[in-house]
Amino acid sequence: MAHPLDLHRPPHLAPGAAQVSRARRQGLPEPGNRMNVPKIIRMRHDRGGRAGTAIGEMIYFTGDTHFGDPRVLRIDRRPFSNMAAHDTALIANWNETVSPQDEVWHLGDFAAKRTGLAEDLLSRLKGRKHLIVGNNDPIDTIGAGGWDSVQHYAELMVDGRLLVLCHYPFRTWNQMGKKSINLHGHSHGRLKPMPRQFDVGVDARGLRPVSLVDILPKSPR
């Protein structure tokens with residue numbers, strides 16, 4: 000699979016034929032197009048601390064749901080006897096947290112490779128959903144209807160904080176020296192984080208999406 004940033008090279012770095020072919024196979028825009036360069040998406044908070052694209056909307060983060068993949072019961076020891084119970088619980092947790100008007104950024108590894116599975120799940124999950132592609136996201140997931148956007152990398156400005164989103168945790172990231180925040184998945188809660196780096200995968204977050212307020216350490220009073 001392509002490096003997570005391969006599809007987002009600056010336009011002056013011409014992509015090779017292999018990169019273009021890879022992007023086409025994955026159903027993503029071809030690299031080298033100026034529109035593919037990641038842009039900072041600006042969010043805002045209302046006075047109640049709710050983050051979103053408009054007043055009253057929230058923005059949530061999650062990842063590594065692995066719907067339909069029985070390996071998570073064995074490897075991650077998720078507390079379910081079977082995948083039907085697992086998927087039902089994760090869907091319920093999601094929909095208890097997220098409202099239809101909210102934004103959800105899924106940081107990769109959404110669901111198992113099964114025709115129609117991702118699209119069915121997306122139709123049952125609340126919110127406007129964005130995918131940051133993970134190493135276990137097949138073409139059926141990437142190309143499923145129901146995503147508002149699909150990309151390997153994104154930067155969001157939320158309440159004056161730059162958030163750098165990728166499936167993989169970074170050792171360094173954009174504006175790290177200016178207190179930007181790296182949100183990631185992939186490590187299933189097992190990685191010791193760097194300062195201002197947070198795993199938003201479900202294994203690290205109580206099996207449900209979380210907001211920036213949930214993620215950031217609470218300041219002492």
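In terms of numbering that gives the first Met the number 0, the sequence shown has 197 at position 198, counting the first letter as 1, and numbering is strictly consecutive. Heads up, the beta-carbon is just placed ideally off N, CA and C, and yes, glycines get one too.
{"Item": "Cβ atoms of aspartate 68 and asparagine 134: under 9 Å apart, would you say?", "Value": "no"}
{"Item": "Go ahead and pull the three-state DSSP assignment for arginine 77.", "Value": "coil"}
{"Item": "Excluding the five sequence neighbours on either side, which residues of its own chain have a C-beta within less than 6 Å of the C-beta of glutamine 100, listed in chain order?", "Value": "Glu56"}
{"Item": "Between the Cα of histidine 129 and the Cα atoms of Glu154, Arg113 and Leu89, which residue gives the shortest distance?", "Value": "Glu154"}
{"Item": "Considering only residues of the segment 107-159, which uninterrupted alpha helix (DSSP H) runs meet the minimum length of 4 residues and lie entirely inside it, listed in chain order?", "Value": "116-123 and 138-141"}
{"Item": "Excluding sequence positions up to five away, which residues of its chain have a Cβ less than 6 Å from the Cβ of serine 148?", "Value": "His129"}
{"Item": "Please classify methionine 34: is it buried, with 16 or more other beta-carbons within 10 angstroms of its beta-carbon, or exposed?", "Value": "Here the model assigns methionine 34 a pLDDT of 34, short of 50, so the residue's position is not dependable and the matter cannot be decided."}
{"Item": "Measure how close the beta-carbons of isoleucine 131 and tryptophan 104 come, nearest whole angstrom, since I'm counting them as under 8 Å.", "Value": "7 Å"}
{"Item": "Under a three-way DSSP split, which group does tryptophan 172 fall into?", "Value": "coil"}
{"Item": "Relative to the alpha-carbon of glutamate 102, which residue among Leu211, Ser186 and His183 has its alpha-carbon at the smallest distance?", "Value": "Leu211"}
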